[in-house]
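The next block holds one structure in the form of structure tokens; read it before the comments.
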Amino acid sequence: MMAKICRVMAGVAMVALPAAAMPQIGLPSLPTPRGGIDGLARPLLDTLDLDRLSPDAVARQLRSARLDRLTGFVRTHRDRVEFDAVRAPALRGVLLATGVAGADRARAIAAGYRIIDEEVIAELDLTFVRFALPEGLPLGKAQRQLAALMPAAEIAADNLYFPSGGLPPAASLGALAAAQTGGPGGARIGLIDSGVGPLPGLSARVVQKGFATGAPRAGDHGTAVAALALGAAGSGSALYAADVYGTDATGGTASAIARALGWLSGQQAAVINISLVGPDNALVHAAIARAQAKGALIVAAVGNDGPAAPPAFPAAQFGVLAVTGVDTSGRVLPEAGRGKHVAFAAPGRSLAPAAGGGKSVTVRGTSFAAPLVAGRLAQLYPAPAPGRIETAVRGLIGQARDLGRKGRDPVYGHGLVCGDCGR
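Quick note: the sequence shown uses the numbering used here, first residue 28, plus one each step.
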């Protein structure tokens with residue numbers, strides 16, 4: 028089945044295998060005392076005034092800011108977080124493994140590793156084992172050692188993923204309600220993000236499940252993403268929101284995302300939006316591939332590390348529809364990622380959906396472009412049906428307005444979708 032899905036996606040030229048590169052990491056802000064994703068989604072991009080900078084200056088500023096924020100985050104949470112083998116943040120002292128054979132376990136235990144537990148994600152027919160590291164062994168070194176001990180297994184850190192868009196300080200998005208610009212809904216949309224708050228003015232059923240401490244817990248980021256997705260999808264759609272953050276300042280882990288994908292697959296979510304970025308993690312990669320094999324279409328934000336950054340994941344994974352953001356004039360956001368994997372563009376700046384009392388809240392970033400594409404795609408693909416994937420994706424390509432170089436390009440993909448959304 029997975030081979031068929033990949034052939035379909037390749038046949039419509041939606042995605043290309045990204046070139047090998049070091050993983051791109053998001054831009055985490057230090058969490059507020061209340062913790063959770065909203066502490067990670069402060070408007071770093073606004074403070075850099077990217078729209079006034081040259082492309083080279085944008086790349087330098089973002090590279091410096093990313094390193095500073097990442098180092099600060101790991102330092103602040105050093106009791107729970109450390110860098111892995113590729114300098115991506117992950118839970119301290121834990122490794123994840125899939126495809127573990129009995130002999131592999133014995134070798135790992137003999138080398139001082141301890142099995143914490145073994146978990147089955149039944150909906151995806153995916154099993155992974157969590158290993159505790161020998162005392163004092165750094166995570167990066169342990170990854171290499173455990174991979175050598177278990178050559179047939181896939182080894183990964185329990186990496187952290189971060190939001191790919193900024194919110195205003197002290198934003199109150201609980202009453203956010205994007206204008207429903209889509210036609211009749213009825214789609215089943217999945218969301219992996221924070222929890223979702225009230226969405227007055229939107230006709231939708233919202234079902235939530237938590238995959239972190241204190242979850243599900245309403246968060247501004249997840250609420251904004253949900254409002255935009257449902258607004259683009261049309262009335263009558265159902266949203267299944269998987270909160271992978273809750274109240275945990277070190278939430279958004281690879282294992283939580285894998286569990287969330289399993290739940291969403293079981294809920295028959297046809298289109299799943301992931302407005303988060305992190306490294307190419309083996310467990311997340313496997314979970315996405317298996318969800319795709321069951322008929323889910325995954326939409327993800329390309330990230331905000333700039334044009335010179337290597338591709339962000341999961342957007343750069345084969346078969347995932349990667350979405351970039353544009354401003355009100357149709358120009359790509361200077362902070363948006365680039366690459367052959369970019370599939371579509373959507374509004375990602377000055378999005379000001381109507382809020383309660385006629386007020387509006389402006390959001391920015393590729394986080395908020397992705398759900399617009401997810402919503403429009405859900406109109407064409409309301410329920411999982413692998414045989415209809417090619418038709419749905421071709422339909423979305425037909426809706427896209429070509430931007431930049433003629434035809435598909437690494438900046439805008441197939442072009443602008445939902446250009447009138449979120450206004």
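The beta carbon of each residue, even a glycine, is placed where N, CA and C say it ideally should be.
| Length-filtered (3 minimum) beta strand (DSSP E) runs lying within the region 312-359 | 324-328, 348-353
| Within 10 angstroms of its Cβ, does GLY62 collect 16 or more other Cβ (buried), or is it exposed? | Low per-residue confidence applies at GLY62: pLDDT is 40, beneath 50, and the placement is therefore not dependable enough to give any value.
| Where ALA297 sits in the DSSP three-state scheme | coil
| field | Test item: CB-CB of GLY442 and ARG428 under 8 Å | value | yes
| message | For THR240, which residues in the same chain have their Cβ closer than 8 Å to its Cβ, ignoring the five residues on either side in sequence? | response | GLY273, THR274, ASP275, GLY278
| What's the call for ILE136, buried or exposed, on a 16-neighbour Cβ count within 10 Å? | exposed
| field | Sequence-distant residues of its chain with Cβ nearer than 6 Å to PRO116 (five each side left out) | value | VAL101, VAL108, LEU187
| query | What are the complete beta strand (DSSP E) segments, minimum 3 residues, inside the region 119-185? | reply | 141-148, 153-159
| Helix or strand or just coil, what does DSSP make of PHE110? | strand
| For PHE395 versus ALA253, is the C-beta spacing smaller than 8 Å? | no
| query | Apart from the five residues on each side of it in sequence, which residues of its chain come closer than 7 Å, Cβ to Cβ, to VAL147? | reply | THR154
| task | Determine the extent of the alpha helix (DSSP H) in which VAL271 is found, giving its start and end residues. | result | It is not in any alpha helix (DSSP H) - VAL271 carries neither H nor E in the DSSP assignment.
| query | Quick one: Cα of LYS321 to Cα of ALA245, how far? | reply | 29 Å
| query | Ordered along the chain, which non-local residues of its own chain (more than five positions away) have a Cβ less than 6 Å from that of PRO50? | reply | The predicted model places PRO50 with a pLDDT of 29, which falls under 50 and marks its position as unreliable, so this point remains unresolved.
| query | Taking three-plus beta-carbon pairs below 8 Å as touching, is the region 78-98 in contact with the region 123-142? | reply | no
| message | Checking 8 Å against the spacing of the C-beta atoms, do LEU122 and LEU164 come in under that value? | response | no
| request: List the endpoints of the continuous beta strand (DSSP E) containing ALA372. | output: 369-374
| query | I think PRO341 touches ILE325, with their Cβ atoms under 8 Å apart; what is that distance to the nearest whole Å? | reply | 7 Å
| message | Going by beta-carbon coordinates alone, are GLN344 and ILE299 separated by less than 8 Å? | response | no
| task | Name the one or two DSSP bridge partners that LEU291 has. | result | In the DSSP output, where bridge partners are listed per residue, LEU291 has none listed.
| request: From the DSSP output, read off the bridge partner residues of ARG215. | output: ALA265
| Are the region 414-429 and the region 358-368 in contact at 8 Å, needing three or more beta carbon pairs? | no
| Closest to THR355 by CA distance: which of ALA328, GLY392, ARG403 is it? | GLY392
| For the putative contact between ALA373 and VAL350, defined by C-beta atoms under 8 Å, what is the C-beta separation to the nearest angstrom? | 6 Å
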